[in-house]
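Residue numbers (numbering that gives the first Met the number 0), protein chains in the order written: chain A, 0 to 370; chain B, 0 to 332. For each residue, glycine too, the CB sits at the ideal point set by N, CA and C. Below is one structure, written out as structure tokens, with a few remarks after it.
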Amino acid sequence: MSITEYDADRPPEKPRRRGGGGKRRRRGLAEVGMGDGSREGAVVEDVEIERSEQFDSYYGRPVVKAPPWEAPIAVYLFLGGVAGGSGLLAFGAQCTGRPVLRRSARLTALGTVGLGTLALIEDLGRPERFLNMMRTVKVTSPMSLGTWVVGGFASLSGVLGALEVDRLAGEKLPLGALRPLLRAAEGPASLGQVALAPALASYTGALLGNTVVPTWEAGRGHLPYLFASSASLAAGGAAMVTTPVAEAGPARLLAAAGVAGDVASMHLMKESMHPLEREPLETGTPGKLLTWAERLAIAGGVGTLLGGRSRVIAAASGAALLTASALTRFGVLNAGLESVKDPRRVIEPQKARLAARRAAGISDDAITTAG
Amino acid sequence: MSLLAGPEGPSAEAGWDHDHERKGFFTDTSICIGCKACEVACKEWNRNPIDGNLEILGSSYDNTGELGANTWRHVAFVEQGQERIEEARESGRKLVSLGMPGIGPKSSGPRGATPAGDLSDVDRTPPDTPEFRWLMSSDVCKHCTNAGCLDVCPTGAIFRSEYGSVVVQQDVCNGCGTCVSACPFGVIERRDDGTVSPFAVREEEDPRRNTASKCTLCYDRLVDGEQPACSATCPTQSITFGDHPDLTADAKQRVADLHERGMTEARLYGANPKDGVGGTGSVFLLLDEPEVYGLPPDPQVPTKSLPKLYARTGLAAAGMVAAVALSFLGARR
Chain A
0 MSITEYDADR PPEKPRRRGG GGKRRRRGLA EVGMGDGSRE GAVVEDVEIE
50 RSEQFDSYYG RPVVKAPPWE APIAVYLFLG GVAGGSGLLA FGAQCTGRPV
100 LRRSARLTAL GTVGLGTLAL IEDLGRPERF LNMMRTVKVT SPMSLGTWVV
150 GGFASLSGVL GALEVDRLAG EKLPLGALRP LLRAAEGPAS LGQVALAPAL
200 ASYTGALLGN TVVPTWEAGR GHLPYLFASS ASLAAGGAAM VTTPVAEAGP
250 ARLLAAAGVA GDVASMHLMK ESMHPLEREP LETGTPGKLL TWAERLAIAG
300 GVGTLLGGRS RVIAAASGAA LLTASALTRF GVLNAGLESV KDPRRVIEPQ
350 KARLAARRAA GISDDAITTA G
Chain B
0 MSLLAGPEGP SAEAGWDHDH ERKGFFTDTS ICIGCKACEV ACKEWNRNPI
50 DGNLEILGSS YDNTGELGAN TWRHVAFVEQ GQERIEEARE SGRKLVSLGM
100 PGIGPKSSGP RGATPAGDLS DVDRTPPDTP EFRWLMSSDV CKHCTNAGCL
150 DVCPTGAIFR SEYGSVVVQQ DVCNGCGTCV SACPFGVIER RDDGTVSPFA
200 VREEEDPRRN TASKCTLCYD RLVDGEQPAC SATCPTQSIT FGDHPDLTAD
250 AKQRVADLHE RGMTEARLYG ANPKDGVGGT GSVFLLLDEP EVYGLPPDPQ
300 VPTKSLPKLY ARTGLAAAGM VAAVALSFLG ARR
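Have a look at this one:
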């Protein structure tokens, strides 16, 4: 870029490096020769000042930050979905007299919600302060409401799980006076579990949607559907793995419905997004995870419908569906974390929506004003 | 869509007896000289550790990078040529004006008052270099009227102070990180480096380790009747602290003055209570589009669309219940 007319007399320069893609070059002092103090290094010699030709971001640095959520959160998203779906299956099995399905669904619900809670606590910065979540109930915070849902569901699942284990063990657990109490609690506990289950399976969509992380923000309208579908297919798959085919009929239907919902809502979600917001879902590692999630979901769904009455095919399809759900959660989480790295994913859609409001005649709600 | 804080002001809406005016910053980037005294004062007062390892980022004089858990003031440096100056001037001309507010006498003193003596002969035109300019801007937490971080905090660790600012209680925060993803400005962050000074061995542990961390508007200084460290130290009055209504009035006056001198690139950022965050406590005067400084052009607090999102979540949950019910009805024994 020419700054003054005299610049034209300068010898040609090598093209300047552009700071695209959020990459930046960091140089330690040791690298430029001052680390040991023995000689004075040329501190600025090799530093190229980036003068962007286009002022579309601040040196390609992110505008918003990704939450410090790592693999445990993806694991929790998956396990919470399985737990919620299993809670619903357990209630249905109880009502329709399918004792094996009821038992396996209740035990799955207890196991997954327990492990999921541990994963949630593990990802906290200060796990020892986990109980601070219980200081308040906050409607504006999906995390707060979700904590109460998880806590309630886990407690009720504990009661129901203990009952099932006791029955499995031929009522030989040393429960003593607790046994009649647990039995009396079975009805209310299963009602409570089935009331909280759908919330547990779908609230995580609101948790991710209620952020400014570009890909999640753009997916707001579809994430709850995607996650509820993913939970359905995963819970159906889990029941197909753990339950004999004679009782797993409802699980197979639920899994098939979940696959249809999962594939459809993922496609609708992608279509509704700005291309820059969609990109992380289709490229890189998250893109690969989501591609395999879709393949496995479809394969599992086809296996369920065609060969679900064979124990082996049912178990294999169930495993494929569980894997598909886990991959979906990892893919969506990582796509979001990836999406903040490029500031254009924040800036371009925001400029577009601002311009759209302008075009619609709304001109008084911009953050930038001329006085 | 009604939000949690409206035109009454955030501290009144948060239930405080209103004996404090809302406080805030006005950062006038047109007189920032990029000395970074605000960064230093902030680090010293709040005992914040350094970010990185004394590295050169290759972005003009900015070797700080961005706001974060340990950096609560960040001075941005942008170098621009003549072409871009013209573009900025043009884009500023197109912006909508909020109009000058009619307000009563100010409680704070006049800012930028001229020195005493006869100055009638002095040329007071600001020195200008038409073919090149250096944008310098000290960024800080916006202390939004509708703060995303505060809304989503599940522990209640983040609260609205009586001054209208948004503050984290470090001893309550359990580091869940939800607030980080809810800030449209990328300000708040979890402090994962537990040390105050990475070059010294410290016996004591940082009590703020692994908790969310951001500018407090120097809450500890405000309760003692002091102003924040950054504005107290700013040598050019680029950062001014005061009552929010006065500051926005000053800001509007300043933009009008600059426009009169032909500097139509001047614009306000955060002074509009109708914007996506209900207006900010920290108002900025910028000389180019916000994204040039790393600020979002149209920030929206996520809470604004949360009712709709909850409705969809409820619908998804209901759909799932229906799917399970139909599965049991449709399954053959």
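Strictly under 8 Å for the Cβ-Cβ distance: is residue i near chain B by that measure?
i	result
A/D341	no
A/R50	In this prediction, A/R50 has a pLDDT of 48, which is less than 50 and means its spatial position is unreliable; what the coordinates show is noted afterwards. Yes, A/R50 counts as interfacial toward chain B.
A/G124	yes
A/A65	yes
A/D55	yes
A/F129	yes
A/R134	yes
A/Y75	no
A/G150	no
A/N333	no
A/S189	no
A/P197	yes
A/P330	It should be pointed out that residue 330 of chain A corresponds to Gly in this sequence rather than to Pro. No - not a single Cβ of chain B is within 8 Å of the one on A/G330.
A/R277	no
A/V345	yes
Is the shortest distance between the beta-carbon of residue i and the beta-carbons of chain A less than 8 Å?
i	result
B/E290	yes
B/G193	Reliability of the predicted coordinates at B/G193 is poor, the pLDDT of 48 falling under 50, and the value obtained from them is presented with this limitation in mind. For B/G193, the answer is no, since every Cβ of chain A falls outside 8 Å of its Cβ.
B/D242	no
B/T177	yes
B/K273	yes
B/A248	no
B/G91	yes
B/N173	yes
Compare the Cα-Cα distances from residue i to each of the options and report the closest residue.
i	options	result
A/L289	A/G335, A/R102, A/V149 and A/G124	A/G335
A/G307	A/A351, A/P243 and A/K350	A/P243
A/T284	A/P213, A/A323, A/F329 and A/A296	A/F329
B/P129	B/D274, B/G80 and B/A330	B/G80
A/E278	A/A196, A/L100, A/S338 and A/A313	A/S338
B/K251	B/G5, B/L284, B/Q226 and B/S230	B/L284
A/P197	A/V164, A/A247 and A/P223	A/P223
B/T235	B/A36, B/K22 and B/D16	B/A36
A/I346	B/P183, B/T210 and B/V300	B/P183
B/G33	B/E86, B/W44, B/D61 and B/A13	B/D61
To the nearest angstrom, report how far apart residue i and residue j are at their CA atoms.
i	j	result
A/S85	A/S271	31 Å
A/T95	A/F152	22 Å
B/C31	B/C233	9 Å
A/E293	A/I361	40 Å
A/T274	B/I187	Contrary to the premise, residue 274 of chain A reads as Pro rather than Thr in this sequence. In a straight line, the C-alpha of A/P274 is about 27 Å away from that of B/I187.
A/A323	A/L267	18 Å
A/G115	A/L109	10 Å
A/I72	B/S96	45 Å
A/S228	B/F25	48 Å
B/R132	B/D287	11 Å
A/L162	A/A354	60 Å
B/V276	B/P298	7 Å
B/S59	B/E78	7 Å
B/E82	A/V62	25 Å
B/V74	B/I49	15 Å
B/A270	A/G370	8 Å
A/G91	A/L321	20 Å
A/G371	B/G329	Outside the displayed range of chain A (0 to 370) lies residue 371 of chain A, so it cannot be described from this structure.
A/L106	A/G160	5 Å
B/E85	A/L199	54 Å
A/L87	A/V211	32 Å
B/V139	B/I238	10 Å
A/I297	A/P249	18 Å
A/G124	B/A68	13 Å
**Study point:** Proximal residues, the region 348 to 367 of chain A versus chain B, C-beta separation under 8 Å
**Key:** Q349, K350, R352, L353, S362, D363, D364, A365, I366 and T367
**Study point:** Within 8 Å of chain A by C-beta, residues of the region 130 to 154 of chain B in sequence order
**Key:** E130, F131, G147, D150, V151, C152, P153 and T154
Check your understanding: For the region 282 to 314 of chain A, which residues have a beta carbon sitting closer than 9 Å to at least one beta carbon of chain B?
Key -> none
Review point. Is the number of C-beta pairs between the region 143 to 155 of chain B and the region 226 to 246 of chain B that are closer than 8 Å three or more?
Key: no
Check your understanding: Do the region 148 to 162 of chain A and the region 67 to 83 of chain A meet, that is, are 3 or more Cβ pairs less than 8 Å apart?
Key -> yes
Review point. Which residues, in chain order, does the region 286 to 312 of chain B contribute to contact with chain A at a C-beta distance below 9 Å?
Key: D287, E288, P289, E290, V291, Y292, G293, L294, P295, P296, D297, P298, Q299, V300, P301, T302, S304, L305, K307, L308, Y309, R311 and T312
Point to revise | Residues in the region 246 to 273 of chain A having any Cβ partner in chain B nearer than 7 Å | key: G248, P249, L252, L253 and A256
Check your understanding: Do the region 193 to 205 of chain A and the region 295 to 312 of chain B meet, that is, are 3 or more Cβ pairs less than 8 Å apart?
Key -> yes
Point to revise | Three CB pairs or more closer than 8 Å across the region 120 to 139 of chain A and the region 162 to 182 of chain A | key: no
**Study point:** Cβ contact check for the region 58 to 77 of chain A and the region 292 to 303 of chain B: 3 or more pairs under 8 Å
**Key:** yes
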